[in-house]
Amino acid sequence: MREKAHVREVGPRDGIQMVKTILPSARKLAWCRGAVEAGIREIEVTSFVPAKVIPQFADAEEVARGALAMPGLRPSVLVPNLKGAERAFALGVPIVNYVLSASEEHNQANVRRSTEESLQDFARIAAARDQRPGARIGLGAGIATAFGCTISGAVSEARVVEIAVRLAGMGADEIIVADTVGYGDPGQVRRLMGAVIAAVRPLPVACHFHDTRGLGLANVTAALDAGVRAFDASLAGLGGCPFAPGATGNIDTEDTVFLLEQLGFDTGADVERLVALRREVESWLPGERFSGAIARAGLPKTFRVSASAAA
Ligand code: COA
Ligand code: ZN
């Protein structure tokens, strides 16, 4: 039995935050369906932000409802505040991912409040979650700009760990450490992820990398060394925060699955099916920049041999 590693598709959320085309809900759902057929089980399907802040997500309820009805999918959604969480709770979304930023300046730019106010909002979200009857809703807590910020520069590792500990204490079910602007390097990732994991153990910790400076997959291997086994990624390497100057795409889903499988992990996902889906998604988004090496070069002939040899 190979050890499992989870690749969570965030294309229908992070991937389309900055694209020029407003995708119809049916296409967003076709993206989700295609990813599920390719073996991806967790997808961040939309974002509960005001439509005037990001018009792409004006159909958040419709997409979430469609995703909830999709067999084989565990959908999650992003929320920036209590109002967003209430919208997600009302629909019965099983995993709700909250985001705040370790950088004060990015937190102000992104959600128009201090990081401390965002922490207090998370406490209100957790309390609202706890009061709900029925199955417990999983709360992910994302720490954006954890490796540095294009507005303010360096972000203190001690501050990131402190925020992670506070979120854990408030009722987060998972901590997601995010390199929003691609400032992280493998040494920093190994150090910070080791520290966060040690500080919040046994809570699961995931990573959300952007490949802005070409270190995205190197950072995945460093995070694996530190013990991380869940990674956000976007098909075709799309993505980026509209409120972080210079932001570009997430690590590419197909390349991330390829890397993890080559290293002997079981992702459950099929790279070739992901590449086929990616071609379809590309055709829906004229004028965008896509990245990804496997889509360009194809899988090596040694791929299946090494994946099964590790089994
Ligand atoms: N969904 C829908 N409507 C919302 C909402 C949400 N999550 N949060 C607030 N609103 C509405 C309020 O009800 C209010 O409506 P009204 O004007 O009709 O009364 C209005 O939006 C302003 O509310 P307020 O709480 O003052 O928000 P704000 O203007 O301070 O903006 C955020 C705060 C968090 C809503 C906004 O900055 C935001 O959406 N940021 C997200 C950015 C993002 O998605 N970044 C990329 C992902 S990292
Ligand atoms: Zn992101």
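The opening residue of the sequence shown carries number 1 in full-length UniProt numbering; numbering runs sequentially from there. Glycine included, every Cβ here is placed at the ideal spot set by N, Cα and C. Note that the coordinates shown come from a computational prediction; the quantities given were computed from them, not determined experimentally.
With a minimum length of 3 residues, the unbroken runs of beta strand (DSSP E) contained wholly in the segment 142 to 216 fall at 174 to 179 and 205 to 209.
Comparing alpha-carbon positions, the option among R74, A88, C149 and R129 lying closest to N110 turns out to be C149. Relative to K52, the option among Q17, L167 and K28 whose CA is nearest is Q17.
Assignment of A5 by DSSP, reduced to helix, strand and coil, places it in the coil class. In the pairwise beta carbon analysis, the segment 251 to 269 is classified as touching the segment 32 to 45: at least three pairs are separated by under 8 Å.
Scanning the segment 31 to 71 for uninterrupted beta strand (DSSP E) segments of 3 residues or longer gives 42 to 47, listed from N- to C-terminal end. V45 is positioned such that its CB atom lies no closer than 9 Å to that of V19.
Inter-residue distance for G72 and I43 is about 11 Å (C-alpha atoms, whole angstroms).
The continuous alpha helix (DSSP H) containing L91 extends over residues L82 to L91.
Around the beta-carbon of R278, 16 or more other beta-carbon atoms lie within 10 Å, marking it buried. When only Cα atoms are considered, P50 and L299 end up about 41 Å apart.
With a threshold of 16 other beta carbon atoms within 10 Å, D14 meets it and is buried.
Counted as a single uninterrupted DSSP element, the alpha helix (DSSP H) harbouring L119 occupies residues T115 to Q131. For L263, no alpha helix (DSSP H) segment is defined, and its DSSP state is neither H nor E. Every alpha helix (DSSP H) of 4 residues or more that sits fully in the segment 214 to 254 is shown, in chain order, as 216 to 226. At a Cβ-Cβ threshold of 9 Å, F265 and A5 count as neighbours. Counting along the chain, R74 sits inside the beta strand (DSSP E) bounded by residues R74 to V79.
L217 is the residue among A168, L167, V79 and L217 whose C-alpha sits nearest the C-alpha of R190.
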